[in-house]
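When you number the sequence shown by this note's numbering, it's gap-free, plus one each residue, and the end is 611.
Even for Gly, the Cβ is constructed at its ideal location relative to N, Cα and C.
Since this is a predicted model, take the numbers as computed values, not measurements.
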Amino acid sequence: MAGTKISELPAATLPLTGAELVPVVQSGATVQTTLATMPYVPTGTGAVTTTVQAKLRQTASVKDFGAVGDGVADDTAAIQAAITYCLSNGLTLCAEGSYRVTSSINFRYITVDFSNASINVAHAGIGIFIGGNATNANNPEQKFFSVTRSVGTDSSATPTVRCIGAKGQHIYVDRATYFQIYADTEPAVNATDYSSAYSSFWLKYAETIELTNNPATTGSSVQWINENQFYLNRTSNILINGTYAHNHNNFYSGALENTASINIDRGSDNYFYGMRFETGPTTIVFGTNASRNIIQNTWDSSESIGFLSPIVTGTITDNGVSNVVYDSKSVIYRSNIVAGASIADAIVNNKSGQASARLPQLQRIIAGNNTDACVSDFVQAVQDDVYQFNYRNENSGDTVRYRAYVAFYDKNLVAVTAVTNFLTTGNLTAASGNILTNGTGASYAYGRLTAAAITAGVAYVVLGVRSSNGQLANALSRDIDVVRYSKTTINNPLEARYQSPMQMVTAIPTQGFVPLGWTCVNTNGLSFYICIFSLETTLSAGALSGATSITVANGTGTANGDVIGINLDNRDTHWTTIASGGGTTSITLTAGLAGSAASGSRVVFNRWATK
């Protein structure tokens with residue numbers, strides 16, 4: 001065959017054995033070698049010559065076993081064959097491209113580099129299994145780019161990715177619709193599947209992350225998923241459940257996007273650091289078997305506000321023990337309540353002075369149109385202090401509206417004309433005199449004191465909450481608190497100045513409920529009034545609007561002429577006096593009920609003495 005070109009030779013018959021001869025030129029002479037001994041000479045100091053075949057066999061590609069990787073062909077069998085080969089030979093499995101699989105693929109126990117490969121789960125079962133051996137303290141690293149489903153529905157029973165036996169393992173998944181870590185102590189698999197622990201998971205976008213275990217195992221109940229680290233970019237749902245209290249798992253960062261949830265049905269001491277709760281609504285639920293789990297939120301409504309209100313846009317339900325959801329800035333801010341109001345306050349009519357317009361209602365906090373329901377003393381103004389106005393304990397479904405305000409004063413307590421840039425705020429933007437307030441009533445309010453206020457000479461502020469003009473029907477909270485948050489720096493004072501003011505009245509109270517011995521002073525300075533009788537009871541039977549006769553559960557000690565208050569169904573309190581029936585359970589009212597009152601409604605009595 002002298003003179004024949006290599007390109008003119010007939011093709012070799014596959015498969016090759018490795019013993020085939022190959023001509024090579026060495027030192028100007030043509031010599032022979034075999035396919036199996038064809039040398040590979042790496043560069044670099046200290047590099048060791050090996051064979052081409054040995055070099056190629058350091059890793060395995062799924063395409064070595066017939067996978068196509070076009071996203072159309074069924075590559076299930078080829079991938080599984082490649083896994084079997086890598087498992088037998090201790091090799092890393094590599095892939096690039098898009099792979100469609102029609103049954104579950106088990107990647108456990110091997111090193112995987114699918115960082116440039118997508119897997120399309122084209123069947124209704126569990127997409128892929130990953131992880132390692134629970135009895136092995138150091139399992140191999142695994143990397144996946146994308147695992148998504150085109151057939152079936154993701155669920156706890158059929159996740160896109162199920163990770164088992166990840167002990168001391170690093171796992172990377174860029175994209176997965178349902179990422180589950182699963183423990184199982186069924187006797188047949190107990191040794192390899194009972195735990196996932198001491199591992200690190202990097203998840204760029206996992207729509208749902210679940211930590212759970214086999215709920216029906218006949219083996220040990222200790223199926224633990226503990227001491228793992230999760231590094232998140234984005235997710236929507238995090239679930240920790242099962243029959244074992246999975247604990248001490250740390251979740252770092254990650255945005256909870258759109259309608260999101262964290263549900264810890266069972267588990268303890270799991271920590272979530274730097275979670276960013278977006279617009280929501282976000283649902284956080286701690287089950288009855290959840291304890292000491294801590295969730296930190298870092299999302300602010302804007303870069304400049306400096307604090308979040310409310311902490312979570314959505315709901316937090318805690319049926320467990322010592323679970324906490326808190327804002328990240330709470331660790332650098334100290335807080336104190338500078339003003340507050342409660343339906344438990346001793347409030348009477350005929351008042352004057354501070355919060356004099358607050359009405360003596362026993363089921364809600366309300367004042368007259370655009371008048372104070374609660375107000376603080378003078379509070380020292382410190383740059384970056386945050387003021388938060390909270391309205392609480394309304395009925396489910398109530399629409400609550402109040403007008404919060406901040407009033408500004410200089411160091412001599414002279415009013416400073418308010419400018420909108422005195423506060424960085426979402427809704428305290430209406431300026432009137434020395435006050436910034438809500439333009440209309442709002443469900444909450446907050447603001448941060450800016451450098452502009454300090455530069456303008458603001459040295460003190462007064463914080464208050466008013467019943468909004470035209471929205472008295474929405475003054476429905478039972479508790480109001482105004483909180484000042486101050487950065488924990490040495491120069492920031494923190495006063496504790498919230499107090500119930502002494503009440504001055506223009507006449508003896510005829511409305512309101514106070515404890516025995518409570519005293520108020522007439523503004524004329526000539527007399528004061530002492531409560532010498534106080535009693536709480538309930539209606540024994542419902543009463544209609546206009547009724548003058550009522551039946552109470554306890555009338556002992558009452559007397560004709562006593563002040564009586566009856567809670568009405570519309571959340572108002574009807575105030576009148578006992579016309580007759582004092583000392584009994586059948587009482588006649590001086591003025592008929594202004595609305596209906598159901599059986600069991602609260603009824604209160606006071607008697608006053610003038611001194």
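Inset, instruction - Could you spell out the range, first to last residue, of the beta strand (DSSP E) harbouring Asn-226? - result: Taken as a continuous stretch (DSSP letters only), the beta strand (DSSP E) holding Asn-226 covers 224-226.
Inset, instruction - Within its chain, find whatever has a CB closer than 7 Å to the CB of Val-41; leave out the 5 residues flanking it on each side and keep chain order. - result: Excluding positions up to five away in sequence, the list reads Thr-49.
Legend entry - Contact belief for Leu-173 with Gly-127 at Cβ below 8 Å, rounded distance in angstroms: In the sequence under discussion, the amino acid at residue 173 is Val, which differs from the Leu named in the question. Not confirmed; about 11 Å, so no contact.
Inset, instruction - Could you say which of Asp-479, Leu-413, Thr-538 and Phe-272 lies nearest to Asn-567 if we only look at CA atoms? - result: Cα-wise, what sits closest to Asn-567 is Thr-538.
Legend entry - Pick from Gln-169, His-170, Val-147 and Gly-168 that is closest to Pro-159, judged by C-alpha positions: Comparing Cα positions, the closest option is Val-147.
Inset, instruction - Please state whether DSSP places Ala-191 in a helix, a strand or coil. - result: Here DSSP, grouped into helix, strand and coil, assigns Ala-191 to helix.
Inset, instruction - Could you name the residues of the same chain whose beta carbon sits closer than 7 Å to that of Ala-357, not counting the 5 residues immediately before and after it, in chain order? - result: Once the five neighbours on either side are set aside, the close Cβ partners of Ala-357 are Ala-367, Gly-368, Thr-371 and Asp-372.
Inset, instruction - Return the first residue and the last residue of the beta strand (DSSP E) that Gln-142 is part of. - result: If you look at Gln-142, you'll find it in the beta strand (DSSP E) that goes 142-149.
Legend entry - Where Ser-156 falls: helix, strand or coil (DSSP): Coil.
Legend entry - Segment contact, 8 Å Cβ cut-off, at least three pairs: the segment 103-120 with the segment 128-137: As far as the Cβ criterion goes, the segment 103-120 touches the segment 128-137, which means the pair count is three or higher.
Legend entry - Classification of Leu-535 by the beta-carbon crowding that lies within 10 angstroms, buried from 16 upward: Answer is buried; the Cβ neighbour count reaches 16.
Inset, instruction - Go ahead and label Ala-216 buried or exposed: buried means 16 or more other beta carbons lie within 10 angstroms of its beta carbon, across all protein chains shown. - result: With fewer than 16 neighbouring CB atoms inside 10 Å of its own CB, Ala-216 falls in the exposed class.
Legend entry - Counterpart residues of Ala-12 in DSSP-defined beta bridges: Paired residue(s): none; Ala-12 is not in a bridge.
Inset, instruction - Return the first residue and the last residue of the alpha helix (DSSP H) that Asn-89 is part of. - result: In the DSSP assignment, Asn-89 falls within the unbroken alpha helix (DSSP H) covering 76-89.
Inset, instruction - Could you tell me the distance, in whole angstroms, from the CA atom of Phe-99 to the CA atom of Gly-274? - result: In the sequence as displayed, the identity of residue 99 is Tyr instead of Phe. When rounded, the distance between both Cα atoms is 35 Å.
Inset, instruction - Using beta-carbon positions only, say whether Val-416 and Tyr-405 come within less than 9 Å of one another. - result: Cβ distance not < 9 Å, so Val-416 and Tyr-405 don't count as in contact.
Legend entry - Extent of the continuous beta strand (DSSP E) to which Asp-587 belongs: Rather than Asp, the amino acid found at residue 587 in this sequence is Ile. In the DSSP assignment, Ile-587 falls within the unbroken beta strand (DSSP E) covering 586-589.
Legend entry - Exposure label - Leu-516; buried when at least 16 CB within 10 Å: Per the 10 Å Cβ criterion, exposed.
Inset, instruction - Please specify which runs of the beta strand (DSSP E), each continuous and at least 3 residues long, are wholly inside the segment 165-216, giving them in chain order. - result: Qualifying beta strand (DSSP E) stretches, in chain order: 170-183, 195-197 and 200-213.
Inset, instruction - Output the distance between the C-alpha atoms of Gly-441 and Asn-474, rounded to the nearest integer angstrom. - result: Roughly 9 Å between the two C-alpha positions.
Legend entry - Close-in-space but distant-in-sequence residues of the same chain around Thr-585 (CB under 8 Å, 5 per side omitted): Contacts found: Ser-540, Thr-551, Val-552, Ala-553, Asn-554 and Gly-555.
Legend entry - The alpha helix (DSSP H) enclosing Thr-548, as first and last residue numbers: That residue, Thr-548, is in no alpha helix (DSSP H); it is neither H nor E in DSSP.
Legend entry - Unbroken alpha helix (DSSP H) run spanning Ile-454, endpoints: From DSSP, the alpha helix (DSSP H) with Ile-454 extends over 451-455.
Legend entry - Rounded separation between Ala-260 and Ala-166 - CA only: Roughly 27 Å between the two C-alpha positions.
Inset, instruction - Provide the residue span of the beta strand (DSSP E) that contains Phe-65, from first to last. - result: Going by DSSP, Phe-65 is part of no beta strand (DSSP E) at all; its letter is neither H nor E.
Legend entry - Gly-71 versus Val-151: straight-line alpha-carbon distance, rounded: Going by C-alpha positions, Gly-71 is about 14 Å away from Val-151.
Legend entry - In DSSP terms, what Tyr-446 is bridged to: Checking the DSSP bridge columns, you'll see Tyr-446 partnered with Gln-388.
Legend entry - C-beta atoms of Gly-267 and His-246 nearer than 9 Å: Yes, the Cβ-Cβ distance between Gly-267 and His-246 is below 9 Å.
Legend entry - Cβ neighbour criterion (16 or more within 10 Å) applied to Ala-684: Beyond the ends of the chain as shown, which are 1 and 611, falls residue 684; an answer cannot be given.
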